[in-house]
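Undergrad: Structure provided below as structure tokens; questions to follow.
Number of protein chains: 2
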Amino acid sequence: MTEKPPVRARRTTLADVAARAGVSVPLVSIVMRDAPGASAATRERVREAADELGYRPDSRARMLRRSRTQLIGVVFGVQHPFHGDLVSGLYTAADTAGYELALSAVTPGRNESRAVASLLQDRCEALVLLGPSLPTTELADLAARIPVMVVARPVRSKAVDVVRTDDAAGIQLAVDHLVELGHYRIAHIDGGRAPGAAERRRGYREALSRHGLDEVVILPGGLTEDEGAEAARHLLALSSRPTAVTVFNDRCATGVLDVLHRERFSVPGDMSVVGFDDSSLASLSHIALTTVAQDAERITTLAIARAIARLDGHDAPDEREQVIAPHLVVRSTTASPDIEPAAAPSRGVQTFST
Amino acid sequence: MTEKPPVRARRTTLADVAARAGVSVPLVSIVMRDAPGASAATRERVREAADELGYRPDSRARMLRRSRTQLIGVVFGVQHPFHGDLVSGLYTAADTAGYELALSAVTPGRNESRAVASLLQDRCEALVLLGPSLPTTELADLAARIPVMVVARPVRSKAVDVVRTDDAAGIQLAVDHLVELGHYRIAHIDGGRAPGAAERRRGYREALSRHGLDEVVILPGGLTEDEGAEAARHLLALSSRPTAVTVFNDRCATGVLDVLHRERFSVPGDMSVVGFDDSSLASLSHIALTTVAQDAERITTLAIARAIARLDGHDAPDEREQVIAPHLVVRSTTASPDIEPAAAPSRGVQTFST
DNA sequence: CAGAATCTCTAGAACGTTATAGCTCAGTGG
DNA sequence: CCACTGAGCTATAACGTTCTAGAGATTCTG
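Protein sequence lines correspond, in order, to chains A and B.
According to the working numbering, the first sequence is numbered sequentially starting from 452.
According to the working numbering, the second sequence is numbered sequentially starting from 452.
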């Protein structure tokens, strides 16, 4: 019995610290929580003992004892770059409100139902779902058990709260910008069945009609670079070619840009391009995509605030769906259609190649 | 006292199920865990009661009572796309081994220390750190408390386990491929202080000398598209221009490609480019980057297996550092340098622009 | 100086689960 | 008829924390 392989010394607990400091267990708890009820001298002594033993509170036991777990569950897609921005924002919002976050990822081998189930086992008090693809009925069922915040997807059910960008207004900003520059043949590359795509399509139509333009050109696109590239080829094949295009998102727009470059079109000389998301892609200096920025910070702040309001019993029905205004970030892929770029070797090449 | 605002019905517990089924609490526990010690008839009855009440086990209480939490903590960067692949792999590996994962993200406002601290509070049994930037001493301190697996970064300390790709071998694969195609002026764009960069640099040097090539060209690069673009401009300005280049990672390589296209260079006609990571970027049809693929599935499987081995008390010192062989994915950005592409309008343009 | 208020601390119970030990009852073998 | 076995179930005690109630000491108040 000289060797005990997995000896794994028991974690130090409040009881260990209490014994070392010569006080009771609850008093140590009081000190560790900075709760009132201990003298300064004792606090000092207890803290010292805790440090010496390397004490770390056990959040499982803590949450078990408290009625409130102060835990908000987040379901996010591990592939989607914009979810990264949202998760960052959620962390800071939750932190300032004194809540913790429990992350549960959706991966190719782990669907949303599993992700949600694990968060329910962890006894989260509320759930934040980023761009969920669960059917509305399941979302409603879930919301019967626990407050549910859906981010970046419109949901018809009244059971769940929604925080999302005003997609229609975003595209309208883009069209306004293009019209102001002098464009009047403006196309839209679509996101298909993706969350928000229908709204953006609608915004495009409305903006055009508001400006008295009737040449509606909607091309099937998608969420990825490949789908954008495909759409761009169709765009260039049109008989009366538009001078500008609004694209469902930045990834898709990057695919469009790539095809334009390969086909020797100058951007923005021959074609202005506007994306959507203001993802890290867009701000890259060699892409410099003009794009519609979603206010991730505001979205996440509101989602957390609303979740906490629900937990506190404040149900404001008028805030069930919060639609956040986006803003336009103008970079280098948009310009007036009639101005010939001063030093644009590509312009000549385009003439050469057509 | 007619209204109780946050009434929030208490979760159903084992006791509720037990009362409904007319049995004791421990028996319900036995049934829910599929443990031996209950008759088939009783199991049926208990399960029925549990379903009716919508019972969900409380993982906090469960983990508190068990000595083992069966929980592995993962620290990952929310920005880094490759971490997404790794997280996916970790989920499936942990799942098949009967472990749960606790995710903790590193964001601009949440550093690695905080991410680790929160996992320690959750009483994870082991930690998996993806490409951590913590100093070696802190990693060693951490490893004194809990088994630590470092993924995708070489660490000198013997305290932590490491699972990583053989970066040097990866670049050597790339160089071998290029030499085979007939290249002999091959440059390398560097990753600076990034994890793995030093190894890749070394692999480049060794591969060149193995092939008897002495024209070592190492250009400062980085992890991002912008840094790749910058490096590409330096590359093109070289007096005796290389015909091929190996780049630190795919993002950086994308920046290189973009500058090459803008400057009217044909890829692979005028310049072959090889990336590293086989990220989703590389496989996009309009980029089609030849690249060195890291075996994410194998890396994650080994990391989980090793963590569990540690927990079971098996410490195999010879497996402290596991170096995984990468493989080359050949796409369309590499070709022989002397073959003029058949239909390459850009070739003429390049001549035109130089 | 009595009584009240305040401060500092402790005892004990509780959160929801599971491990351990023990109970009951049928069946079995001597 | 008794001891024994084993299956099926229950009582009790933990896990580590925090809440409630209250004890003892000190200070304040009139």
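Just so it is clear, CB atoms sit at the ideal spot from N, CA and C, and this is done for glycine as well.
Could you compute how far the alpha carbon of A:L552 sits from the alpha carbon of A:L522?
TA: Against the first sequence, residue 552 of chain A aligns to sequence position 101. Against the first sequence, residue 522 of chain A aligns to sequence position 71. Their Cα atoms are separated by approximately 6 Å.
Undergrad: Does DSSP classify A:I750 as helix, strand or coil?
TA: Within the first sequence, numbered from 1, the residue matching residue 750 of chain A stands at position 299. If DSSP states are grouped into helix, strand and coil, A:I750 belongs with the helices.
Undergrad: Any C-beta of chain A sitting closer than 8 Å to the C-beta of B:G706?
TA: Locating residue 706 of chain B in the second sequence gives position 255, counting from the first residue. Closer than 8 Å to some Cβ of chain A, the Cβ of B:G706 qualifies, so yes.
Undergrad: Give me the chain A residues within the contact set of B:R507, using Cβ-Cβ distance strictly less than 7 Å, ordered along the chain.
TA: One-based indexing of the second sequence puts residue 507 of chain B at position 56. In chain order: L571, Q572.
Undergrad: Ignoring anything shorter than 3 residues or poking outside the region 722 to 791 of chain B, list the beta strand (DSSP E) runs there in chain order.
TA: 723 to 728, 741 to 744, 772 to 775, 778 to 780
Undergrad: Note down, in chain order, all residues in the region 507 to 527 of chain A with a beta-carbon under 7 Å from any beta-carbon belonging to chain B.
TA: R507, P508, D509, S510, R511, A512, M514, L515
Undergrad: Applying the criterion that 16 or more other CB atoms from any shown protein chain within 10 Å of the CB defines a buried residue, is B:A466 buried or exposed?
TA: As a working mapping, residue 466 of chain B is identified with position 15 in the second sequence. That one is exposed.
Undergrad: Once you ignore the five residues that flank B:S677 on each side, which residues in its own chain have a CB closer than 7 Å to its CB?
TA: The residue you call residue 677 of chain B lines up with position 226 of the second sequence. Note on residue identity: the sequence assigns Asp, not Ser, to residue 677 of chain B. Hits under 7 Å: G706.
Undergrad: Going by beta carbon distance, what residues of the same chain come within less than 8 Å of B:S723, once the five residues before and after it are set aside?
TA: Translated into positions along the second sequence, residue 723 of chain B becomes position 272. If we look at B:S723 and ignore the five residues flanking it on each side, its Cβ neighbours are L629, L632, H634, T694, A695, V696, T741, T784, T785, A786, P788.
Undergrad: Under 8 Å between the Cβ atoms of A:G540 and A:E748?
TA: Counting from one through the first sequence, the residue named residue 540 of chain A turns up at place 89. Counting from one through the first sequence, the residue named residue 748 of chain A turns up at place 297. Yes; because the gap between Cβ atoms is below 8 Å, this pair is in contact.
Undergrad: Measuring CA to CA, which of A:A638, A:A591, A:V602, A:I738 is closest to A:R692?
TA: By 1-based counting over the first sequence, the position of residue 692 of chain A is 241. Selected option, being the one with the closest Cα: A:A638.
Undergrad: Compare the C-beta of A:S539 with all C-beta atoms of chain B and state if any pair is closer than 8 Å.
TA: In the first sequence, residue 539 of chain A corresponds to position 88, counting from 1. Output row for A:S539: interface = yes.
Undergrad: Residues of chain B with CB closer than 7 Å to the CB of A:L735, please, in chain order.
TA: Position 284 of the first sequence, counted from the first residue, corresponds to residue 735 of chain A. Per Cβ cutoff of 7 Å: E676, D677.
Undergrad: Any residues in the region 548 to 560 of chain A with a beta carbon nearer than 9 Å to a beta carbon of chain B? Which ones, in chain order?
TA: E551, L552, A553, L554, S555, A556, T558, P559, G560
Undergrad: Would a check of beta-carbon distances place A:H778 closer than 8 Å to chain B?
TA: Working through the first sequence from its first residue, we reach residue 778 of chain A at position 327. Chain B contact via Cβ: absent.
Undergrad: From B:T751, B:D763, B:V781, pick the residue whose C-alpha is nearest to that of B:Q773; which is it?
TA: As a position in the second sequence, residue 773 of chain B is number 322, starting the count at 1. Closest by alpha carbon: B:T751.
Undergrad: Using a Cβ cut-off of 8 Å (strictly closer), state whether B:A747 contacts chain A.
TA: By one-based count along the second sequence, residue 747 of chain B stands at place 296. Not one chain A Cβ lies under 8 Å of B:A747.
Undergrad: Exposed or buried, which one is A:D665 when buried takes at least 16 other CB atoms within 10 Å?
TA: Here residue 665 of chain A refers to the residue found at position 214 when the first sequence is read from its first residue. Counting Cβ neighbours within 10 Å, A:D665 comes out exposed, since fewer than 16 surround it.
Undergrad: Which residue from A:A680, A:D746, A:A760 puts its Cα closest to that of B:S736?
TA: Here residue 736 of chain B is taken as the residue at index 285 of the second sequence, counted from 1. Ranking the options by Cα distance to B:S736, first place goes to A:A680.
Undergrad: Flag this pair as yes or no: are the beta carbons of B:V579 and B:V602 separated by less than 8 Å?
TA: Indexing the second sequence from 1 puts residue 579 of chain B at position 128. Indexing the second sequence from 1 puts residue 602 of chain B at position 151. Contact: yes.
Undergrad: With a 10 Å radius around its C-beta and 16 neighbouring C-beta atoms as the bar for buried, classify A:S690 as buried or exposed.
TA: On the first sequence, residue 690 of chain A is found 239 positions in, with the first residue counted as 1. Exposed.
Undergrad: Look at the alpha carbon of A:E589 and the alpha carbon of B:G720, and state the distance between them as a whole number of angstroms.
TA: Counted from its first residue, the first sequence places residue 589 of chain A at position 138. Counted from its first residue, the second sequence places residue 720 of chain B at position 269. Distance between the alpha carbons of A:E589 and B:G720: 53 Å.
Undergrad: Give a yes or no on contact between the region 590 to 600 of chain A and the region 617 to 626 of chain A, applying the rule of three or more CB pairs nearer than 8 Å.
TA: no
Undergrad: Using the Cα positions of A:A591 and A:V567, report the straight-line distance between them to the nearest angstrom.
TA: Working through the first sequence from its first residue, we reach residue 591 of chain A at position 140. Working through the first sequence from its first residue, we reach residue 567 of chain A at position 116. Roughly 13 Å separates the two Cα atoms.
Undergrad: Name the DSSP beta bridge partners of A:G419, please?
TA: Residue 419 of chain A cannot be examined here, being either before or after the span of chain A that is shown, 452 to 805.
Undergrad: Would the beta-carbon of A:G642 fall within 8 Å of that of A:L674?
TA: Your numbering for residue 642 of chain A matches position 191 in the first sequence. Your numbering for residue 674 of chain A matches position 223 in the first sequence. Against a cut-off of 8 Å, the Cβ pair of A:L674 and A:G642 comes out as a contact.
Undergrad: Which chain B residues are close to A:V497, counting only those with a beta carbon under 8 Å from its beta carbon?
TA: Walking along the first sequence from the start, residue 497 of chain A turns up at place 46. Taking a Cβ-Cβ threshold of 8 Å, none of the residues of chain B is close to A:V497; the smallest such distance is about 19 Å.
Undergrad: Are the CB atoms of A:S555 and A:R526 within a distance shorter than 8 Å?
TA: Here the question's residue 526 of chain A lines up with position 75 in the first sequence. Here the question's residue 555 of chain A lines up with position 104 in the first sequence. It is Val, not Arg, that sits at residue 526 of chain A in the sequence shown. A contact, by the Cβ cut-off of 8 Å.
Undergrad: Which residue from A:D746, A:I755, A:R757 puts its Cα closest to that of A:D536?
TA: The residue you call residue 536 of chain A lines up with position 85 of the first sequence. Selected option, being the one with the closest Cα: A:D746.
Undergrad: So B:R652 packs on B:I669, CB below 8 Å; how close in whole Å?
TA: As a first step, residue 652 of chain B is located in the second sequence; it is residue number 201 there, counting from the start. As a first step, residue 669 of chain B is located in the second sequence; it is residue number 218 there, counting from the start. Contact between B:R652 and B:I669 holds, with the beta-carbon distance rounding to 6 Å and staying under 8 Å.
Undergrad: Excluding five sequence neighbours on each side, which residues of the same chain lie with their C-beta closer than 8 Å to the C-beta of B:Y542?
TA: On the second sequence, position 91 is the one that residue 542 of chain B refers to. Short of 8 Å from the beta carbon of B:Y542, and not among the five residues preceding or following it, lie these beta carbons of its own chain, in chain order: L552.
Undergrad: Report yes if the C-beta distance between B:L478 and B:A489 is below 8 Å; otherwise report no.
TA: For the purposes of this step, residue 478 of chain B is taken as the residue at position 27 of the second sequence. For the purposes of this step, residue 489 of chain B is taken as the residue at position 38 of the second sequence. Yes; because the gap between Cβ atoms is below 8 Å, this pair is in contact.
Undergrad: Out of curiosity, what's the CA-to-CA distance linking B:L581 and B:Q530?
TA: Translated into positions along the second sequence, residue 581 of chain B becomes position 130. Translated into positions along the second sequence, residue 530 of chain B becomes position 79. Their backbone Cα atoms lie some 12 Å apart in a straight line.
Undergrad: Which of helix, strand or coil does DSSP assign to B:A638?
TA: The residue you call residue 638 of chain B lines up with position 187 of the second sequence. The answer is strand: DSSP assigns B:A638 an E or B state.
Undergrad: Could you give the distance in angstroms between the alpha-carbon of B:L570 and the alpha-carbon of A:I738?
TA: One-based indexing of the second sequence puts residue 570 of chain B at position 119. One-based indexing of the first sequence puts residue 738 of chain A at position 287. About 38 Å.
Undergrad: Use the C-beta contact count for A:G560: other C-beta atoms within 10 angstroms, 16 or more gives buried, fewer gives exposed.
TA: Counting from 1 along the first sequence, the entry for residue 560 of chain A is found at position 109. Answer is exposed; the Cβ neighbour count stays below 16.
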